[in-house]
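Engineer:
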Amino acid sequence: MVRVDEEGNLVGGNTSAPINAAGFAIHSALHKARPDINAACHTHSKYGKAYSTFGTPLEMINQDVCIIYNNQAVYDDFGGVAIEKEEGEAIAKAAGESNRCIILQNHGLLTAGRTVDEAGYLFTLMEKSCEVQLLADAAAASGREKKIIPAPEAAYTASVEGDSDKLYLDFQNDLAYEIAMDDSFMTFTNNTNS
1 MVRVDEEGNL VGGNTSAPIN AAGFAIHSAL HKARPDINAA CHTHSKYGKA
51 YSTFGTPLEM INQDVCIIYN NQAVYDDFGG VAIEKEEGEA IAKAAGESNR
101 CIILQNHGLL TAGRTVDEAG YLFTLMEKSC EVQLLADAAA ASGREKKIIP
151 APEAAYTASV EGDSDKLYLD FQNDLAYEIA MDDSFMTFTN NTNS
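Anchor point for the sequence shown: position 132 equals 132 in full-length UniProt numbering, and the numbering is continuous, going up by one each time.
(1) Helix, strand or coil: how does DSSP classify LEU175 here?
(2) How long is the line joining the alpha carbons of SER9 and ASN38, rounded to whole angstroms?
(3) At the level of alpha carbons, what is the spacing between SER45 and ALA119?
(4) Verify whether the separation of the beta carbon atoms of GLY88 and LYS49 is less than 9 Å.
(5) For GLN63, which residues from the same chain have a beta carbon less than 7 Å from its beta carbon, with the 5 sequence-adjacent residues on both sides left out?
(6) ARG34 bridges to which residues according to DSSP?
(7) Please confirm if the region 148-162 is in contact with the region 53-71, defined as three or more CB-CB distances below 8 Å between the two stretches.
(8) Leaving aside the five residues before and after LEU134 along the sequence, list all residues of the same chain whose C-beta is less than 8 Å from its C-beta, in chain order.
(9) Kindly give me the distance between the Cβ atoms of ALA136 and ILE61, rounded to whole angstroms, as I take these residues to be in contact under 8 Å.
(10) On the DSSP bridge assignment, give the partners of ILE103 in chain order.
(11) Within this structure, are the beta carbons of CYS101 and THR111 separated by less than 9 Å?
(12) Could you say which of ALA90, ALA95, ILE179, PRO57 lies nearest to MET126 if we only look at CA atoms?
(13) Take PHE78 and list the residues in its own chain whose beta-carbon comes closer than 8 Å to its own, dropping the five residues that flank it on each side.
(14) Rank ARG144, ILE179, TYR121 by C-alpha distance to the C-alpha of ASP165 and give the top, closest one.
(15) Between ALA141 and the rest of its own chain, which residues show a CB-CB distance below 6 Å, the 5 nearest in sequence each way excluded?
(16) Keeping to the same chain, check which residues put their C-beta closer than 8 Å to that of THR53; ignore five residues upstream and five downstream.
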(Lines of atoms letter the chains of each structure in order from A and count residues from 1; the text may use other names and numbers.)
(Lines give C-alpha, C1' and ligand atoms only; values in the text may rest on other atoms or scores of the structure.)
Protein backbone atom coordinates (compact mmCIF):
# COMPACT_ATOMS: atom_id res chain seq x y z
CA MET A 1 0.00 0.00 0.00
CA VAL A 2 1.27 3.44 -0.86
CA ARG A 3 0.14 6.91 0.15
CA VAL A 4 0.31 9.70 -2.42
CA ASP A 5 -0.75 13.33 -2.56
CA GLU A 6 -3.09 14.88 -5.16
CA GLU A 7 -0.22 15.32 -7.61
CA GLY A 8 0.90 11.70 -7.44
CA ASN A 9 3.93 12.24 -5.19
CA LEU A 10 4.74 9.41 -2.79
CA VAL A 11 4.24 10.63 0.79
CA GLY A 12 4.02 7.43 2.84
CA GLY A 13 3.42 3.74 3.06
CA ASN A 14 5.69 1.44 1.07
CA THR A 15 8.12 4.02 -0.27
CA SER A 16 10.03 1.39 -2.25
CA ALA A 17 6.97 0.54 -4.37
CA PRO A 18 6.27 2.44 -7.59
CA ILE A 19 3.02 4.36 -7.91
CA ASN A 20 0.60 2.56 -10.21
CA ALA A 21 -0.47 5.09 -12.89
CA ALA A 22 -3.87 3.50 -13.47
CA GLY A 23 -4.52 3.23 -9.74
CA PHE A 24 -3.60 6.86 -9.28
CA ALA A 25 -5.84 8.01 -12.14
CA ILE A 26 -8.85 6.23 -10.64
CA HIS A 27 -8.24 6.85 -6.94
CA SER A 28 -7.21 10.51 -7.20
CA ALA A 29 -10.28 11.40 -9.27
CA LEU A 30 -12.54 9.60 -6.80
CA HIS A 31 -10.96 11.39 -3.83
CA LYS A 32 -11.28 14.78 -5.55
CA ALA A 33 -14.94 14.20 -6.42
CA ARG A 34 -15.91 12.69 -3.07
CA PRO A 35 -14.55 14.44 0.04
CA ASP A 36 -16.43 11.89 2.17
CA ILE A 37 -14.03 9.19 0.97
CA ASN A 38 -10.68 8.69 2.69
CA ALA A 39 -9.82 5.27 1.26
CA ALA A 40 -10.49 3.23 -1.86
CA CYS A 41 -9.81 -0.41 -2.75
CA HIS A 42 -9.47 -1.67 -6.30
CA THR A 43 -8.08 -4.82 -7.83
CA HIS A 44 -8.83 -7.27 -10.59
CA SER A 45 -10.24 -10.07 -8.45
CA LYS A 46 -11.42 -13.32 -10.04
CA TYR A 47 -15.15 -13.08 -9.34
CA GLY A 48 -15.27 -9.30 -9.66
CA LYS A 49 -13.73 -9.50 -13.13
CA ALA A 50 -16.06 -12.30 -14.16
CA TYR A 51 -19.21 -10.56 -12.92
CA SER A 52 -18.14 -7.17 -14.30
CA THR A 53 -18.52 -8.52 -17.83
CA PHE A 54 -22.30 -8.20 -17.45
CA GLY A 55 -22.19 -4.50 -16.57
CA THR A 56 -25.13 -4.80 -14.17
CA PRO A 57 -25.57 -4.18 -10.45
CA LEU A 58 -25.61 -7.12 -8.08
CA GLU A 59 -29.08 -8.43 -7.28
CA MET A 60 -30.34 -8.48 -3.71
CA ILE A 61 -30.36 -12.28 -3.46
CA ASN A 62 -29.06 -12.78 0.08
CA GLN A 63 -28.66 -10.96 3.37
CA ASP A 64 -25.00 -10.11 2.85
CA VAL A 65 -25.38 -8.31 -0.48
CA CYS A 66 -28.24 -6.26 1.00
CA ILE A 67 -25.57 -4.35 2.95
CA ILE A 68 -24.85 -2.49 -0.30
CA TYR A 69 -28.51 -1.93 -1.25
CA ASN A 70 -28.78 1.43 -3.07
CA ASN A 71 -25.04 1.83 -2.59
CA GLN A 72 -23.62 0.43 -5.83
CA ALA A 73 -23.01 1.83 -9.27
CA VAL A 74 -21.83 0.45 -12.60
CA TYR A 75 -19.28 2.17 -14.80
CA ASP A 76 -20.08 0.70 -18.21
CA ASP A 77 -17.74 2.61 -20.51
CA PHE A 78 -14.49 0.63 -20.35
CA GLY A 79 -11.84 2.66 -22.12
CA GLY A 80 -8.81 0.42 -21.75
CA VAL A 81 -6.22 0.71 -19.01
CA ALA A 82 -7.28 3.73 -16.96
CA ILE A 83 -4.12 5.83 -17.02
CA GLU A 84 -5.75 8.99 -18.36
CA LYS A 85 -7.13 11.61 -15.99
CA GLU A 86 -10.41 11.71 -17.94
CA GLU A 87 -11.03 7.99 -17.42
CA GLY A 88 -10.61 8.42 -13.66
CA GLU A 89 -12.99 11.38 -13.69
CA ALA A 90 -15.59 9.37 -15.63
CA ILE A 91 -15.37 6.55 -13.08
CA ALA A 92 -15.76 9.05 -10.22
CA LYS A 93 -18.80 10.55 -11.96
CA ALA A 94 -20.35 7.08 -12.34
CA ALA A 95 -19.91 6.54 -8.59
CA GLY A 96 -22.29 9.41 -7.98
CA GLU A 97 -22.60 11.39 -4.78
CA SER A 98 -22.91 8.52 -2.33
CA ASN A 99 -22.17 5.07 -3.80
CA ARG A 100 -19.28 3.25 -2.14
CA CYS A 101 -19.30 0.18 -4.40
CA ILE A 102 -18.61 0.43 -8.13
CA ILE A 103 -18.56 -2.35 -10.70
CA LEU A 104 -16.16 -1.37 -13.49
CA GLN A 105 -17.48 -3.22 -16.54
CA ASN A 106 -14.91 -5.57 -18.10
CA HIS A 107 -12.42 -4.47 -15.45
CA GLY A 108 -13.18 -5.30 -11.82
CA LEU A 109 -14.42 -3.79 -8.58
CA LEU A 110 -13.81 -0.52 -6.75
CA THR A 111 -14.95 0.24 -3.21
CA ALA A 112 -14.55 3.31 -1.05
CA GLY A 113 -15.09 4.35 2.54
CA ARG A 114 -14.27 6.71 5.34
CA THR A 115 -11.56 4.28 6.47
CA VAL A 116 -9.32 1.69 4.83
CA ASP A 117 -11.12 -0.90 6.94
CA GLU A 118 -14.55 0.08 5.61
CA ALA A 119 -13.35 0.10 2.00
CA GLY A 120 -11.62 -3.25 2.56
CA TYR A 121 -14.70 -4.82 4.11
CA LEU A 122 -16.86 -3.60 1.24
CA PHE A 123 -14.38 -4.97 -1.29
CA THR A 124 -14.40 -8.41 0.32
CA LEU A 125 -18.20 -8.28 0.47
CA MET A 126 -18.44 -7.31 -3.21
CA GLU A 127 -16.05 -10.08 -4.29
CA LYS A 128 -17.98 -12.72 -2.33
CA SER A 129 -21.28 -11.32 -3.61
CA CYS A 130 -20.06 -11.54 -7.21
CA GLU A 131 -19.17 -15.19 -6.62
CA VAL A 132 -22.60 -15.93 -5.14
CA GLN A 133 -24.34 -14.03 -7.96
CA LEU A 134 -22.48 -16.05 -10.59
CA LEU A 135 -23.40 -19.31 -8.84
CA ALA A 136 -27.06 -18.27 -8.53
CA ASP A 137 -27.18 -17.19 -12.17
CA ALA A 138 -25.71 -20.54 -13.23
CA ALA A 139 -28.33 -22.41 -11.21
CA ALA A 140 -31.09 -20.19 -12.60
CA ALA A 141 -30.02 -21.10 -16.15
CA SER A 142 -31.58 -24.52 -15.56
CA GLY A 143 -34.96 -22.88 -15.04
CA ARG A 144 -34.86 -22.39 -11.28
CA GLU A 145 -36.29 -19.06 -10.19
CA LYS A 146 -34.21 -16.71 -8.05
CA LYS A 147 -36.04 -15.06 -5.17
CA ILE A 148 -35.02 -11.41 -5.02
CA ILE A 149 -35.24 -9.80 -1.58
CA PRO A 150 -37.93 -7.07 -1.66
CA ALA A 151 -36.78 -3.44 -1.45
CA PRO A 152 -38.11 -2.75 2.08
CA GLU A 153 -36.23 -5.72 3.55
CA ALA A 154 -33.08 -4.92 1.58
CA ALA A 155 -33.24 -1.28 2.71
CA TYR A 156 -33.73 -2.32 6.33
CA THR A 157 -30.74 -4.66 6.19
CA ALA A 158 -28.59 -1.90 4.66
CA SER A 159 -29.66 0.55 7.37
CA VAL A 160 -28.72 -1.90 10.13
CA GLU A 161 -25.56 -3.41 8.63
CA GLY A 162 -24.20 -0.82 6.16
CA ASP A 163 -23.14 1.99 8.48
CA SER A 164 -19.51 3.15 8.06
CA ASP A 165 -18.68 2.59 11.73
CA LYS A 166 -20.20 -0.90 11.72
CA LEU A 167 -18.30 -1.84 8.56
CA TYR A 168 -15.07 -0.63 10.17
CA LEU A 169 -15.72 -2.80 13.22
CA ASP A 170 -16.76 -5.79 11.11
CA PHE A 171 -13.43 -5.64 9.28
CA GLN A 172 -11.44 -5.96 12.52
CA ASN A 173 -12.07 -9.72 12.79
CA ASP A 174 -10.91 -10.22 9.19
CA LEU A 175 -7.79 -8.15 9.84
CA ALA A 176 -7.00 -10.00 13.09
CA TYR A 177 -7.28 -13.30 11.24
CA GLU A 178 -4.94 -12.16 8.46
CA ILE A 179 -2.39 -10.91 11.00
CA ALA A 180 -2.58 -14.20 12.91
CA MET A 181 -1.97 -16.14 9.69
CA ASP A 182 0.95 -14.01 8.48
CA ASP A 183 1.88 -10.60 9.84
CA SER A 184 4.66 -9.93 7.32
CA PHE A 185 2.45 -7.50 5.40
CA MET A 186 2.46 -5.21 8.45
CA THR A 187 6.11 -4.23 7.88
CA PHE A 188 7.25 -2.12 4.96
CA THR A 189 10.84 -2.30 3.79
CA ASN A 190 12.26 0.92 2.44
CA ASN A 191 14.89 -0.03 -0.14
CA THR A 192 15.76 3.53 -1.12
CA ASN A 193 19.20 4.90 -0.27
CA SER A 194 19.30 8.10 1.75
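For each residue, glycine too, the CB sits at the ideal point set by N, CA and C. Only a predicted model underlies this, so the values are computations on that prediction, with no experimental measurement involved.
Structural biologist: Let's see:
(1) Helix, per DSSP.
(2) The question names Ser, yet the displayed sequence has Asn at residue 9. ASN9 and ASN38 have their C-alpha atoms some 17 Å from each other.
(3) Approximately 15 Å between the Cα atoms of the pair.
(4) In terms of Cβ geometry, GLY88 and LYS49 do not form a close pair [threshold 9 Å].
(5) For GLN63, where only same-chain residues beyond five positions count, the Cβ hits under 7 Å are THR157.
(6) DSSP, once it has assigned bridges, lists no residue as partnering ARG34.
(7) With the cut-off at 8 Å, the region 148-162 and the region 53-71 touch.
(8) Closer than 8 Å at Cβ, skipping near neighbours: TYR47, ALA50, TYR51.
(9) ALA136 to ILE61, Cβ: 6 Å. Contact.
(10) Bridge partners of ILE103: VAL74, LEU109.
(11) Yes. Within cutoff.
(12) Ranked by Cα distance from MET126, the options ALA90, ALA95, ILE179, PRO57 are led by PRO57.
(13) Close CB contacts of PHE78 within its chain, under the 8 Å cut and outside five residues either way in sequence, are with LEU104, GLN105, ASN106, HIS107 (chain order).
(14) Just measuring C-alpha positions, the residue of ARG144, ILE179, TYR121 sitting nearest ASP165 is TYR121.
(15) Same-chain partners within the cutoff: there are none.
(16) The residues are GLN105, ASN106.
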